[in-house]
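Enquirer:
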Amino acid sequence: MNTYIRSGIDLELYNKLIKEVKPIAQETTREEVISEIGSFSALFDFAALRFVVGVVDRKQILPNCSMMKVGDYIVGLESSGIHSNGFSLVRHIFKGLGINYNDSSPWNNQLWKEVLLEPTKIYVDSLLPIMPK
1 MNTYIRSGID LELYNKLIKE VKPIAQETTR EEVISEIGSF SALFDFAALR
51 FVVGVVDRKQ ILPNCSMMKV GDYIVGLESS GIHSNGFSLV RHIFKGLGIN
101 YNDSSPWNNQ LWKEVLLEPT KIYVDSLLPI MPK
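Listed below in structure tokens is the structure:
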């Protein structure tokens, strides 16, 4: 976790949060959890922030149309939900379509608010075995 902020510092809650987040952080980055603690009671009650940055050599960016040929495979991975860097676009789309967070979604008899809170599936372990070294 990169940043943990709440109104007042609750070390018991912080330690519990780190215990839950650490395996996910190690799954994605293979690094230890790096954390900062901040108390900003005047601004908000709680925030926990984390992000991952991917880097790829320009020659490996996909799709590489010049290398595609008949017989090549396309690999598709099932998504765990809406993947978004922030939900401003999602809120805009929902508003435009008149969708309420308490409405039923088309997946697994879940409400939209449940779908939106699904953790993002981490694909690194699924892809590393097929990636060139």
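Counting from 1, one number per residue, gives the positions in the sequence shown under the UniProt record's numbering.
Backbone N, C-alpha and C define an ideal beta-carbon position, used for all residues, glycine too.
#1: When burial is assigned at 16 or more other CB atoms within 10 Å of the CB, is residue 112 buried or exposed?
#2: Leaving out five residues on either side along the sequence, give the residues of the same chain with a beta carbon under 8 Å from the beta carbon of residue 105.
#3: Considering only their Cβ atoms, is the gap separating residue 80 from residue 135 smaller than 8 Å?
#4: Quick check on this structure: which residue in 75, 55, 15, 94 has the alpha carbon closest to the alpha carbon of residue 82?
Expert: Looking at the atomic coordinates:
#1: Counting Cβ neighbours within 10 Å, residue 112 comes out buried, since at least 16 surround it.
#2: 111, 112, 114, 115
#3: A query on residue 135 cannot be resolved here, the shown segment of the chain reaching from 1 to 133 and no further.
#4: 94
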